[in-house]
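K.L.:
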Amino acid sequence: MTKFRPCIDIHNGQVKQIVGGTLSDDGSGLKENFVADASAAEFANRYRQDGLMGGHVIQLGPGNRDAALSALAAWPQGLQLGGGVTIENAAEWIDAGASQVIVTSWLFNKDGSFRQDRLKQLSEEIGKDRLVVDLSCRRTEKGWTVAMNRWQTLTDVEVTRESLDSMAEYCSEYLIHAADVEGLCGGVDLELVRLLGKWAGIPMTYAGGVGTMKDVLDVDVESGGNVDLTVGSALDLFGGSGVKYEELVAWNQRSK
């Protein structure tokens with residue numbers, strides 16, 4: 001059964017919900033759906049109290065290290081950590097309390113060419129069970145193309161059964177944002193969800209477009225219960241009105 005996985009997205013040291021496609025290096029055009037008064041550590045502590053496992057902390061650009069560390073300290077081994085992860089700092093984040101690290105851009109050259117050798121090297125360095133590969137993507141003529149550098153640069157990797165098979169040898173999970181619908185609360189990319197659900201090789205978390213509990217149900221049905229999901233801007237915890245946090249806590253408890 002599909003489970004809800006919580007998130008803590010940090011931008012400039014604050015917990016935020018943004019429209020994913022508006023994130024850029026210079027900050028121009030950024031659209032914020034929500035900026036929290038509560039700290040990252042407070043969100044982490046709430047997830048801990050409610051027993052929500054498998055969530056993630058994502059650093060959206062520089063200036064977020066202290067907030068990320070505080071969240072991991074609030075729930076050691078309870079959250080994954082992503083954003084700026086490389087082979088030089090991966091073990092450091094795990095030592096700081098991350099259950100796993102999430103990696104994307106470091107697996108590619110600057111031009112977007114995939115480096116299988118880096119994936120293998122990182123997997124050997126920290127262990128397959130500690131590694132989550134982020135295959136966040138944009139819809140293209142080919143289907144779904146993985147995007148890096150805050151979803152600005154398209155890579156040479158397509159989300160297919162073959163690519164999922166190839167990388168699963170070196171990681172324990174996938175995190176997949178549908179970047180084109182991220183933060184819009186207008187519905188999930190069900191075609192992508194179906195593709196992931198039919199593959200179902202290792203645990204996967206889908207993010208992007210959830211607007212109501214119907215979307216949660218749709219992911220469960222269309223993926224055959226094989227894909228977990230996270231909910232951002234629609235969640236009342238983040239100022240939204242489409243999905244209630246307590247509903248999702250109850251949803252997870254029902255699936256135990």
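For the sequence shown, the residue numbers in the UniProt record's numbering are 1 to 256.
The C-beta atom is built at its ideal place from N, Cα and C for all residues, glycine as well.
Quick check on DSSP: helix, strand or coil for G82?
P.N.:
For the purposes of this step, residue 82 is taken as residue 82 along the sequence shown, with counting starting at 1. Here G82 sits in strand by DSSP.
K.L.:
In whole angstroms, give me the CA-to-CA distance for S233 and K110.
P.N.:
The residue given as residue 233 occupies position 233 in the sequence shown. The residue given as residue 110 occupies position 110 in the sequence shown. Using only the alpha carbons, I get a separation of about 30 Å.
K.L.:
Pick out whichever of G239, R118, G82 has its Cα sitting closest to the Cα of Y174.
P.N.:
Counting from 1 along the sequence shown, the entry for residue 174 is found at position 174. That would be G82, whose Cα lies nearest to the Cα of Y174.
K.L.:
Among Q116, T145, L184, which residue has its Cα nearest to the Cα of D156?
P.N.:
Residue 156 sits at position 156 when you count from the first residue of the sequence shown. Of the candidates Q116, T145, L184, the one whose C-alpha sits nearest the C-alpha of D156 is T145.
K.L.:
Can you tell me whether S241 is buried or exposed? The criterion is at least 16 other CB atoms within 10 Å of its CB, across all chains shown.
P.N.:
Taking the sequence shown and counting its residues from 1, one reaches residue 241 at position 241. Exposed, since its Cβ has fewer than 16 Cβ neighbours within 10 Å.
K.L.:
According to the neighbour-count rule (16 or more other Cβ atoms, all chains shown, within 10 Å of its Cβ), is A178 buried or exposed?
P.N.:
The residue labelled residue 178 in the question sits at position 178 within the sequence shown. Buried.
K.L.:
Answer with buried or exposed for K3, where buried requires no fewer than 16 other C-beta atoms within 10 angstroms of its C-beta.
P.N.:
As a working mapping, residue 3 is identified with position 3 in the sequence shown. Buried is the call here.
K.L.:
Is there at least one Cβ from chain C nearer than 8 Å to V101's Cβ?
P.N.:
Absent from the structure: chain C. Only one protein chain is present.
K.L.:
Starting from the N-terminal side, write out each stretch of the beta strand (DSSP E) that is 3 residues or longer and does not extend beyond the region 190-240.
P.N.:
204-207
K.L.:
Starting from the Cα of G163, find the closest Cα among Q116, G63, T140, Q77 and give me that residue.
P.N.:
In the sequence shown, residue 163 corresponds to position 163, counting from 1. According to the sequence shown, residue 163 is Ser rather than Gly. Nearest C-alpha to S163: Q116.
K.L.:
Who are G55's beta bridge partners in DSSP?
P.N.:
In the sequence shown, residue 55 corresponds to position 55, counting from 1. Looking at the DSSP assignment, G55 forms a beta bridge with L79.
K.L.:
Run the CB neighbour count on residue 294, radius 10 Å, all protein chains shown included, and call it buried at 16 or more, exposed below.
P.N.:
Since the first and last residues shown for the chain are 1 and 256, residue 294 lies out of range.
K.L.:
My understanding is that V249 touches V231, with C-beta atoms under 8 Å, so please give their C-beta distance in whole angstroms.
P.N.:
Along the sequence shown, read from residue 1 onward, the residue named residue 249 stands at position 249. Along the sequence shown, read from residue 1 onward, the residue named residue 231 stands at position 231. The pair is not a contact, with the Cβ atoms about 12 Å apart (cut-off 8 Å).
K.L.:
Are three or more beta carbon pairs between the region 65-75 and the region 100-108 nearer than 8 Å?
P.N.:
no
K.L.:
Measuring CB to CB, does L79 end up less than 8 Å from A91?
P.N.:
The count along the sequence shown starts at 1 and reaches residue 79 at position 79. The count along the sequence shown starts at 1 and reaches residue 91 at position 91. Between L79 and A91, the C-beta spacing is not below 8 Å.
K.L.:
Between K128, V101, A147, which lies nearest to F114 when the distance is taken from Cα to Cα?
P.N.:
Position 114 of the sequence shown, counting from 1, holds the residue named residue 114. Nearest option by C-alpha distance: A147.
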